[in-house]
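If you use this note's numbering, the sequence shown corresponds to residues 7 to 469, in order.
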Amino acid sequence: MDKLFKGGKIVTATSIYKADVAVTGEKITLIGQNIKPDAETEVIDCRGKYVLPGAIDAHTHLAMPFGGTISTDDYETGTRSAACGGTTTVFDFALQDFGETFPDTVKRRDAIAAPQAVVDYSFHIGVKDLSDGIEDTMKDAVAMGVPSFKVFMVYDFGVTDGIFYRVLEKSKEVGALVAVHAENNEMVNYLTQKYIDEKKTSAWYHYMSRPEFVEGEADERAIQWAKNSGAALYIVHLANKQGMDAVTKARDEGYPIFAETCPQYLHFTRDVYKRPDGRNFVCSPPMKDKASQDALWAGIRRGDIQTVATDHCPFKKSEKNWGKKDFRLIPNGCAGIENMYPYMLSEANRGRISFSKAVELCSTNVAKIFGLAGKKGAIECGLDADIVVYDPKKNVTITNKEMHGATDHTVWEGVRVKGYPQAVFSRGNLVYKDGKFLGSKGAGRFVKCDPIKLTSPDLTGSK
Ligand code: URP
Ligand code: ZN
Ligand code: ZN
7 MDKLFKGGKI VTATSIYKAD VAVTGEKITL IGQNIKPDAE TEVIDCRGKY
57 VLPGAIDAHT HLAMPFGGTI STDDYETGTR SAACGGTTTV FDFALQDFGE
107 TFPDTVKRRD AIAAPQAVVD YSFHIGVKDL SDGIEDTMKD AVAMGVPSFK
157 VFMVYDFGVT DGIFYRVLEK SKEVGALVAV HAENNEMVNY LTQKYIDEKK
207 TSAWYHYMSR PEFVEGEADE RAIQWAKNSG AALYIVHLAN KQGMDAVTKA
257 RDEGYPIFAE TCPQYLHFTR DVYKRPDGRN FVCSPPMKDK ASQDALWAGI
307 RRGDIQTVAT DHCPFKKSEK NWGKKDFRLI PNGCAGIENM YPYMLSEANR
357 GRISFSKAVE LCSTNVAKIF GLAGKKGAIE CGLDADIVVY DPKKNVTITN
407 KEMHGATDHT VWEGVRVKGY PQAVFSRGNL VYKDGKFLGS KGAGRFVKCD
457 PIKLTSPDLT GSK
């Protein structure tokens, strides 16, 4: 064996127990009590620490052209930042160009990601266009290991209801999962113009033009179509109570409806948009009221939210400043790739959820939903040795200066977390220790996901 993680407490999605973990090459090869190292084995002292699977961030936008610019973190700086927060795999959005087949979308983005990524990655394909037989290439993307497609109900590249429905229908045939950004575009456009006409232009009116019902109604509609089509649906960045209630109801009825939320919705409310720097918090959907935040936490505890992901899409302060006098000009998106696992684990360390729940949300369920079970997402023999050694006693006040990406500000500035990753390993290689990045550019690999067949709301039967 090459490495032995000795004396720590292993956290799985269902239990916490004391055991040693042996790693040979890139894989976890043995888990047990009092494992004896070989002469050449590097022993990692994990006494007093938790040994966790690396997080899998199901939602990032690296180097994405958006809002009149390109998101600040590229595949190198974004995955470096991820690694330093205990995230060892990211699912990035590859946005289709009009007229482009889905395999070509993946190839185009992979050509950028492969030489840069420091941890493993895969993609979701952002669908724009199904014309000229492009929908038939969904199966080819699945065969390449990218079985996940996202539709946007908003933005200038949002799809029509018909295209959304066709993607749902096709997903069942080809073994894919459809994810949706749900907001009502017509309402956003109407409310935006109304506030602009009234000369209400501050960041608060970003929230006011996309309030709770604008997201909730779209969630309900998206769920309705998924039910009618017989397809599974994954709602990304769920941020409102009405939508949470709709997800819960559909799941109770037995439909395979899944929901992701993000740490920013669990920690901040719409009040951030009243701050003088409110524009820095502008993302879509925006943070909502306290009732929504409480509903999300309750959904997590009940199991009606299955994943937490970042929606990492940072923009520079100077770019956020474009919208100082007009909220429409603020590029939408916030940083968070380095903060998700520390934040969720800190909430566990404070007793809000269990450590197992944090692992389930940030790693195990992501692997189960997106076709990586059996490869990643748990501390188990045969899986990739993506391992985080977590120190529950190390307290950190988050500051952008100490982060490892390319961002020049973060919405997480000043937030205190209880406990922090001490060391992070990606396929057995040390990529982070005690505040320092130790990985290398290009070491991350594209991971092929298995086809996805989710026919019930229950994930326990997944491979
Ligand atoms: O504001 C956000 N969320 N920007 C990224 C694009 C998206 O909607 O996910
Ligand atoms: Zn979105
Ligand atoms: Zn997003």
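C-beta atoms are modelled at their ideal positions from N, C-alpha and C, and glycine is treated no differently.
Taking 8 Å as the cut-off, the C-beta of residue 290 counts as close to a heavy atom of ligand 2. Taking non-hydrogen atoms of ligand 1 into account, the C-beta of residue 63 is found less than 8 Å away from none of them. For residue 31, the closest of 225, 21, 48 by C-alpha to C-alpha distance is 48. The alpha-carbon separation between residue 404 and residue 276 amounts to approximately 21 Å. If the five residues before and after residue 454 are omitted, its C-beta is found closer than 6 Å to the C-beta atoms of 151, all from its own chain and listed in chain order.
With contacts defined as CB atoms closer than 9 Å, residue 285 and residue 322 fail to qualify as a contacting pair.
With distances taken between CA atoms, residue 159 lies nearest to 241 out of 8, 241, 351. Rounded to whole angstroms, the separation of the alpha carbons of residue 295 and residue 82 is 35 Å.
Shown here for residue 279: same chain residues with a beta carbon closer than 6 Å to its own, the five before and five after excluded, namely 209, 210, 213 in chain order. For residue 427, the uninterrupted beta strand (DSSP E) segment begins and ends at 422–432. Annotation: residue 261 is outside any beta strand (DSSP E) and is labelled neither H nor E by DSSP. Cβ neighbours of residue 57 within its own chain (closer than 8 Å, five residues either side excluded): 11, 14, 15, 16, 17, 27, 385, 393, 394, 395, 396. Setting aside the 5 residues that flank it on each side, residue 70 is surrounded in the same chain by 77, each with a C-beta closer than 6 Å to its C-beta; the list follows chain order. Residue 161 has its CB nearer than 8 Å to a heavy atom of ligand 1.
Per the coordinates, the alpha-carbon of residue 312 lies some 24 Å from the alpha-carbon of residue 421. The closest CA to that of residue 187, considering only 138, 127, 34, 266, is found on 266. If you keep only unbroken beta strand (DSSP E) runs of at least 3 residues inside the region 102–170, you get 126–132, 154–158. In this structure, ligand 2 has a non-hydrogen atom nearer than 8 Å to the beta-carbon of residue 158.
Apart from the 5 residues on each side of it in sequence, residue 219 sits with its Cβ closer than 7 Å to the Cβ of 248 in its chain, given in chain order. Pairwise C-beta distances place the region 351–360 out of contact with the region 105–113, as fewer than three of them are shorter than 8 Å. In the three-state reduction of the DSSP assignment, residue 274 falls in the coil class. With a cutoff of 8 Å, residue 242 counts as near ligand 3, since its C-beta is closer than that to a heavy atom of the ligand. Taking one beta carbon from each stretch, the region 120–127 and the region 153–169 have fewer than 3 pairs nearer than 8 Å; the two do not touch. Counted as a single uninterrupted DSSP element, the alpha helix (DSSP H) harbouring residue 212 occupies residues 210–214.
Leaving aside the five residues that flank residue 462 on each side, the residues in its chain whose CB is nearer than 8 Å to its CB run, in chain order, 260, 262.
At a cut-off of 8 Å, the beta-carbon of residue 390 does not count as near ligand 2: no heavy atom of the ligand is closer than that.
Contact annotation: residue 80 and residue 316 have beta-carbon atoms that are not nearer than 9 Å.
If you draw a straight line from the Cα of residue 302 to the Cα of residue 33, it comes to about 35 Å. Taking all protein chains shown into account, residue 166 has fewer than 16 neighbouring C-beta atoms within 10 Å of its C-beta and is therefore exposed. Assignment of residue 319 by DSSP, reduced to helix, strand and coil, places it in the coil class. At least 9 Å separates the beta-carbon of residue 183 from that of residue 333.
Straight across, the Cα-Cα distance linking residue 447 with residue 72 is about 25 Å. Secondary structure at residue 32: coil, using DSSP grouped into helix, strand and coil.
DSSP, reduced to helix, strand and coil, places residue 300 within a helical segment of the structure shown. Residue 288 carries a coil assignment under DSSP once its states are collapsed to helix, strand and coil.
At least one heavy atom of ligand 2 is found less than 8 Å from the C-beta of residue 317.
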